[in-house]
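Per our numbering, residue 2 is the first one in the sequence shown, and the count goes up by one each step. Beta carbons are placed, not taken as given, at the ideal position from N, Cα and C, and that holds for glycine. Fair warning: this is a prediction, and the values are worked out from it, not measured in the lab.
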Amino acid sequence: MDKNTKKNINKKKIIWLVALVAAICIFAFSAFKLINIYLEYQKGKDAYEEIDSMFTEETDTTETGSNPDTTQGETTLTAETAVPWVWDFAKAQSINPDIKGWIKMGNTISYPILQTTDNEYYLTHTVYRKKNSSGAIFIDYSITEGLDAKNCIIYGHDMINNSMFGSLDNYMKESYYKKHPAFEVYIGDRHYTYEIFAVYVTPEVSDTYMYGFPSDEYFKTYLDTSRSKSLYATGCRELTASDRIITLSTCTDKDAERLIVQMVRSNEITE
Numbered sequence: 002m003d004k005n006t007k008k009n010i011n012k013k014k015i016i017w018l019v020a021l022v023a024a025i026c027i028f029a030f031s032a033f034k035l036i037n038i039y040l041e042y043q044k045g046k047d048a049y050e051e052i053d054s055m056f057t058e059e060t061d062t063t064e065t066g067s068n069p070d071t072t073q074g075e076t077t078l079t080a081e082t083a084v085p086w087v088w089d090f091a092k093a094q095s096i097n098p099d100i101k102g103w104i105k106m107g108n109t110i111s112y113p114i115l116q117t118t119d120n121e122y123y124l125t126h127t128v129y130r131k132k133n134s135s136g137a138i139f140i141d142y143s144i145t146e147g148l149d150a151k152n153c154i155i156y157g158h159d160m161i162n163n164s165m166f167g168s169l170d171n172y173m174k175e176s177y178y179k180k181h182p183a184f185e186v187y188i189g190d191r192h193y194t195y196e197i198f199a200v201y202v203t204p205e206v207s208d209t210y211m212y213g214f215p216s217d218e219y220f221k222t223y224l225d226t227s228r229s230k231s232l233y234a235t236g237c238r239e240l241t242a243s244d245r246i247i248t249l250s251t252c253t254d255k256d257a258e259r260l261i262v263q264m265v266r267s268n269e270i271t272e
């Protein structure tokens, strides 16, 4: 083997080793980034599980049942622990005065609703005011009437782990809507059910985000237009100008689009 051939072989080995080291470095860096993203998501998830647990109250209920192994007239006691979720607005405000209410949908969505003086802060901060990519569920700062506005607009991130508003894209399927047609919303000390009446995708700047209406007729037209945009017909009742609605808004996989889920206030629940 001549010297030139050996040099070429050595060069190829060096190039291969450099490429291998580069690939390992890229893999390690990517793994590091993914681990950090996971840990960030987990911190956000833990924060909201923590505050959610603050509204559970453990109560012991005792059931009396018969035991076939006991003599006639004897009974056994079976203790079962129920953990109901009980909303306490005063407690919520003591955690963060920006909390205006709470939104729930089955076991998937259960979050405080916040509002502050801009629409930027809660994009990057949790309910505990800690910086985190999960952010918070929050009302548009411009809506002075908050959750009692004709159209209360609420934002939340479309998280990959389905936290926050990450599960709203399930409503793109009518079958999912049929299983989950309503939300529960706590407003101050009040508790309501809200029925979904429209699900659609809209540009990030659109009339969907209107919240001030010059007349009842204008608002009714807005409601009818919103309903006509829906991907499918819902079983929600006819809407009127006296209704109060909530517009949930989250990102899609396209930067210039937003997924919208709109719902109307229905029954007030009295505990």
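Could you check how far apart the C-beta atoms of residue i and residue j are, in whole angstroms? I think they sit under 8 Å.
| i | j | result |
| --- | --- | --- |
| I261 | V186 | Not a contact, Cβ separation roughly 17 Å. |
| Y212 | N152 | 5 Å |
| Y210 | I155 | Not confirmed; about 11 Å, so no contact. |
| T117 | D99 | 5 Å |
| N133 | E41 | 6 Å |
Please classify residue i as buried or exposed, where buried requires at least 16 neighbouring CB atoms within 10 angstroms.
| i | result |
| --- | --- |
| R259 | buried |
| T76 | Low confidence applies to T76: its pLDDT is 37, below 50, so where it sits in the model is not reliable enough to give any reading. |
| P113 | buried |
| S207 | exposed |
| D70 | Residue placement at D70 is poorly supported in this model, since its pLDDT is 46, which falls under 50; the coordinates are not used for a value here. |
| K1 | Outside the displayed span of the chain (2 to 272) sits residue 1, for which this structure offers no information. |
| D47 | exposed |
| V84 | exposed |
| Q263 | buried |
| K101 | buried |
| D141 | buried |
| I16 | exposed |
| S67 | Only weak support exists for where S67 lies, its pLDDT of 42 falling under 50; the coordinates are left without a value. |
| D170 | buried |
| E175 | exposed |
Would you list the residues sitting across from residue i in a DSSP beta bridge?
| i | result |
| --- | --- |
| M106 | I110 |
| V186 | I104 and Y193 |
| N152 | I246 |
| L115 | I100 and F139 |
| T57 | W86 |
| M165 | D159 |
| K14 | In the DSSP output, where bridge partners are listed per residue, K14 has none listed. |
| H126 | K132 |
Would residue i and residue j qualify as a contact pair, given that the criterion is a beta-carbon distance under 9 Å?
| i | j | result |
| --- | --- | --- |
| L115 | N97 | yes |
| W86 | T57 | yes |
| S143 | M160 | no |
| I188 | D217 | no |
| C252 | H158 | yes |
| T109 | H192 | no |
| T194 | S243 | no |
| E205 | A257 | yes |
| A137 | T127 | yes |
| L232 | M165 | no |
| K44 | K131 | yes |
| I52 | Y122 | no |
| L249 | L224 | no |
| S111 | Y49 | yes |
| F184 | S227 | no |
| K230 | T203 | yes |
Could you give the uninterrupted runs of the alpha helix (DSSP H) lying entirely in the region 195-270, keeping only those of 4 residues or more?
-> Whole alpha helix (DSSP H) segments, 4+ residues: 217-230.
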